[in-house]
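What follows is a set of notes on a single structure, which appears directly below.
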Amino acid sequence: MAEIQRASIIERLYSILRRVTIKHRLLAAFLITSLLPVVFVAFYSYSKYTESISQKLSASTEQTLSELSRNMTREINQYATLSESIIVNEVIQSGLPMYNSMSGNDRYQFLLNYRDAVRGQVFQVSNVFNVVIFTNDGETVFDFGYESFQSEKLFQMVKEAPDTPGNAHWAYLKSNRGTNLLTLSRVIYSEQSSSEQIGYLMIMVEEKVFSRNTYRHVHLGTGSQIFLYNSQGLVISSTSSAIEAGKPYANNAIFSKLTSAAEQSSFYAEVGRTKWLVTSDYVRSADWRLVGMLPQSFLVSEISEMKTDIFMICIMTLLFSGLIAMLIYLSISSPMRKLLHYAKLVRLGQLETKLGRTYSDEMGKLAETIDQMVMRLKELISRVEAEQQAKRDAELKMLQAQINPHFLFNTLGSLKWSAMMSGNETVFKGMESLSELLRNTILEKDDLIPLEKEIGNLLHYATIQRIRYGDSFKLSCQMSDDRLFGYLVPKFILQPIVENSILHAGGSDGRRVKISVYGYDDGVNLYIRIADDGKGFDTSKAYARGNSNAKLSGIGIANVNERLSICYGSSYGLETRSRVGEGTETVITLPIMIEEGGEHV
Numbered sequence: 026m027a028e029i030q031r032a033s034i035i036e037r038l039y040s041i042l043r044r045v046t047i048k049h050r051l052l053a054a055f056l057i058t059s060l061l062p063v064v065f066v067a068f069y070s071y072s073k074y075t076e077s078i079s080q081k082l083s084a085s086t087e088q089t090l091s092e093l094s095r096n097m098t099r100e101i102n103q104y105a106t107l108s109e110s111i112i113v114n115e116v117i118q119s120g121l122p123m124y125n126s127m128s129g130n131d132r133y134q135f136l137l138n139y140r141d142a143v144r145g146q147v148f149q150v151s152n153v154f155n156v157v158i159f160t161n162d163g164e165t166v167f168d169f170g171y172e173s174f175q176s177e178k179l180f181q182m183v184k185e186a187p188d189t190p191g192n193a194h195w196a197y198l199k200s201n202r203g204t205n206l207l208t209l210s211r212v213i214y215s216e217q218s219s220s221e222q223i224g225y226l227m228i229m230v231e232e233k234v235f236s237r238n239t240y241r242h243v244h245l246g247t248g249s250q251i252f253l254y255n256s257q258g259l260v261i262s263s264t265s266s267a268i269e270a271g272k273p274y275a276n277n278a279i280f281s282k283l284t285s286a287a288e289q290s291s292f293y294a295e296v297g298r299t300k301w302l303v304t305s306d307y308v309r310s311a312d313w314r315l316v317g318m319l320p321q322s323f324l325v326s327e328i329s330e331m332k333t334d335i336f337m338i339c340i341m342t343l344l345f346s347g348l349i350a351m352l353i354y355l356s357i358s359s360p361m362r363k364l365l366h367y368a369k370l371v372r373l374g375q376l377e378t379k380l381g382r383t384y385s386d387e388m389g390k391l392a393e394t395i396d397q398m399v400m401r402l403k404e405l406i407s408r409v410e411a412e413q414q415a416k417r418d419a420e421l422k423m424l425q426a427q428i429n430p431h432f433l434f435n436t437l438g439s440l441k442w443s444a445m446m447s448g449n450e451t452v453f454k455g456m457e458s459l460s461e462l463l464r465n466t467i468l469e470k471d472d473l474i475p476l477e478k479e480i481g482n483l484l485h486y487a488t489i490q491r492i493r494y495g496d497s498f499k500l501s502c503q504m505s506d507d508r509l510f511g512y513l514v515p516k517f518i519l520q521p522i523v524e525n526s527i528l529h530a531g532g533s534d535g536r537r538v539k540i541s542v543y544g545y546d547d548g549v550n551l552y553i554r555i556a557d558d559g560k561g562f563d564t565s566k567a568y569a570r571g572n573s574n575a576k577l578s579g580i581g582i583a584n585v586n587e588r589l590s591i592c593y594g595s596s597y598g599l600e601t602r603s604r605v606g607e608g609t610e611t612v613i614t615l616p617i618m619i620e621e622g623g624e625h626v
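Under our numbering, think of the first position of the sequence shown as 26, with each following residue one higher.
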C-alpha cells in the first residue's frame, strides 16, 4: 500500500512537472542546484561567523571589564589607606573624644595640629575632593574642602551607612553645585577600645576624576556604554549621557539579570528596538557592579559588509546560472523546433526534406533515427505504390482474362452436349466433370472450402481419370457423421494423394485398385484417411528419394504437407504408412473449423 502511495505521489509530481515548459524546468533546476547551495553556505557561514565574533567580543569585553575592575580596586584601596591613616592618627585619637568639652582656643589648637599632621597624607592622594570628620553628635570637626555642604545631610549619610566588611561604605552624593561625588564613610573607633566609637569620617572623590583614572579612557566600541551602579541599583558613574548618574538604572529586565548574575557575566538584551551585548564585572571592595554594553550593530558592522558581498555573489550566481540554463535550453529547444517543423512537413507529404546536420547527443541521435524512419517510410510508400500498380495491372489482366474462362466453359458445354447427342456417355461425363473442376479451380477464390465440396472436386477428378485409366481403380468416400461435410478444409488436399494411388498403386498384373476415403473426428481435430490396397512401397527409400513426381497442376504431396504445417502448425499435416504388397495409408490431420456468421471458427 505504501509503495502504491509513493508511486501515486511520484506520478502526480511527474504530471505537475510535465505541465511546465522545459525552459522553466531547466531554469528552476539550475537555480535550485546552483543558487540554493550558495545561499545556504553563505547564511550558514554568516551565522557561524556572527556567533564566533560575538563570542570573541564578549570574551574580550569580559577581560577588559575585569582589568578595569582591578584598576578600580587599586584606586579604592588608595582611599581606604588614606582613611585608615586618618583614623589612627594620634591627634584624632587623643583630641576627638574630648572635642565637645574643649574651649574655643583648645579647639582651634586641635584643628591646627590635625591640619599639620594630616595635610601631607591628604595631598599624597591628589584626587581627594574633600575630607570631613564628625563627632558622635554630628558636629563637624574638620572640613578640608572648598565647597560647602549641609552638615546635617552629610552626617545623616554617614550615620545611616550600613555595617559593611572592613568598616567602609561607598555612596553617591551630588554637591550644591551639581558635582557628582563618590563618598567613602567610616566609623572612627578608639585605639584603646575597638568597641568605643569616637566619631565619623567621610572622604569625597569627584566622580569625573575617579572614572578618568579607572575606566573612562577605555572605548569598547562604537555606541558602547560603560557605567557603575551600587547594590541599591543607583547609577554612580557613567560614560553615556543616556544613563544619568544619581538615578536608578531604568531597564528593569537588564537590572534583574545583572542582580542575579555571577561576579562576571555576559548576555544579550533588548533596549527599545536595539539588541545589546551586556557584560558585567563585580567590584567587591566597594560592592559595585561595572557594566559594559555593546550594540549588536557594532558586532555585525564588519559582517554587514560581508552580507553585501554574499548578496552580490548570489546575484552573479543567479545570472550565470540563468545564462547557462538558457544556453542548455536553446541547445535542446532549437533541435526540437527543427524536429517539429520537419514532422509537419512529413505530415504534409514532403518526404524529400532533410534535417541537415546532426550532433552526437541524444537529440542528434533522435533526429538521425527520425530521418532514417522517414527514409524507410519513403521506401515503403514506393513499394506500396509499386504493389498497388501491380495489383491494378493484375486486375486489368484478370478482367481481360475473364473472357477466356467463359469461352472455355461455353466450349466445354458445347462438346458435352455433342457427346451426349452422339450417345458417348463416357465423354459426356468426362466433359461435365472437367467443366465443374475447372469452375471450382478458376472461379472459386476461397482458400478454405467445405469438405463436401472438396470431396465433390475429388469425384470429378476421378471421373476424368477414368477416361484415361478406365476401371483400373475404384474410389469410395465415406464420413463417420454427416456433420463432417460442413467442416472447412484447405482446397486441393485430397487430389494429390488419390492421384498418387491411381498412378503408383496398381501393378503389372492389371488388378483393380480399391481407394477409400474415410473421415472422422475426436471433437478437436478432423482426420481424413486415404487408403489403397495396391502394391505398396518402402517408405524409407521413398523419403530418401523424394516424391516430386506425384503432382496435379504442380501441387504435390510434399506441397500439401508444407501448406498444412504453415497454416496450422507442425502438429498438423500428413502421415503415411505403407508396406510392400499390402497397400498404402495416408492420414491427414486438421483442426476442426466451421463457418459461423461469415467467419471461420
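Note that CB positions come from ideal geometry on N, CA and C, so glycine has one too.
- Taking C-beta atoms as the reference points, V514 and I474 count as a pair closer than 8 Å.
- CA-to-CA, the gap between V549 and I617 works out to about 6 Å.
- I268 carries a coil assignment under DSSP once its states are collapsed to helix, strand and coil.
- Taking a contact as a CB-CB distance under 8 Å, the pair D557 and G608 counts as one, their CB atoms being some 5 Å apart.
- Your pair A105 and A186 does not check out as a contact, with CB atoms roughly 14 Å apart and the cut at 8 Å.
- Take the alpha-carbon of I619 and the one of L462: they are about 23 Å apart.
- Counting along the chain, K478 sits inside the alpha helix (DSSP H) bounded by residues 476–494.
- Look at the segment 241–325 and you find these whole runs of beta strand (DSSP E), each 3 residues long or longer: 250–255, 260–263, 289–296, 299–308, 313–320.
- Within the same chain, and ignoring the five residues on either side of F323 in sequence, the residues whose Cβ sits closer than 8 Å to its Cβ are G246, T247, G248, S249.
- Put simply, the backbone Cα of Q175 is about 20 Å away from that of I261.
- Judged by DSSP in its simplified three-state form, T58 adopts helix.
- Residue nearest to I117 within the set E216, L56, S497 is E216 (criterion: CA-CA distance).
- The Cβ-Cβ distance between D306 and L90 falls below 8 Å.
- In the DSSP assignment, K539 falls within the beta strand (DSSP E) that extends over 538–546.
- CA-to-CA, the gap between Y39 and S33 works out to about 10 Å.
- E524 has its alpha-carbon roughly 15 Å from the corresponding atom of F562.
- About 13 Å separates the Cβ atoms of V542 and I527, ruling out a contact at the 8 Å cut-off.
- At a Cβ-Cβ threshold of 8 Å, D312 and N238 do not count as neighbours.
- Between the alpha carbons of I223 and S110 lies a distance of about 16 Å.
- Under DSSP, C502 shares a beta bridge with V542.
- Secondary structure remark: continuous beta strand (DSSP E) runs of at least 3 residues inside the segment 163–202, in chain order: 165–168, 194–199.
- A distance of 8 Å or more separates the beta carbons of D162 and N205.
- Here L459 has I489 as same chain residues with Cβ atoms under 6 Å from its own Cβ, once five neighbours each way along the sequence are excluded.
- Cα atoms of M227 and F180: separation of roughly 9 Å, rounded to the nearest angstrom.
- When C-beta atoms of the segment 334–353 are compared with those of the segment 61–78, three or more pairs fall below 8 Å, so the two segments count as touching.
- Within the segment 113–139, complete alpha helix (DSSP H) segments of at least 4 residues are found at 115–120, given in chain order.
- Shortest Cα-Cα distance from T601 to any of C592, R241, V612 involves V612.
- Around the beta-carbon of L551, 16 or more other beta-carbon atoms lie within 10 Å, marking it buried.
- In the three-state reduction of the DSSP assignment, N205 falls in the strand class, which pools E and B.
- Straight through space, the alpha carbons of L589 and Y384 are spaced by roughly 52 Å.
- Taking all protein chains shown into account, M318 has 16 or more neighbouring C-beta atoms within 10 Å of its C-beta and is therefore buried.
- DSSP, reduced to helix, strand and coil, places S77 within a helical segment of the structure shown.
- Annotated as proximal: V585 and I518, with beta-carbon spacing under 8 Å.
- Rounded to the nearest angstrom, the gap between the Cα atoms of I555 and I540 is 7 Å.
- The C-alpha of S72 lies about 10 Å from the C-alpha of S79.
- With a threshold of 16 other beta carbon atoms within 10 Å, M229 meets it and is buried.
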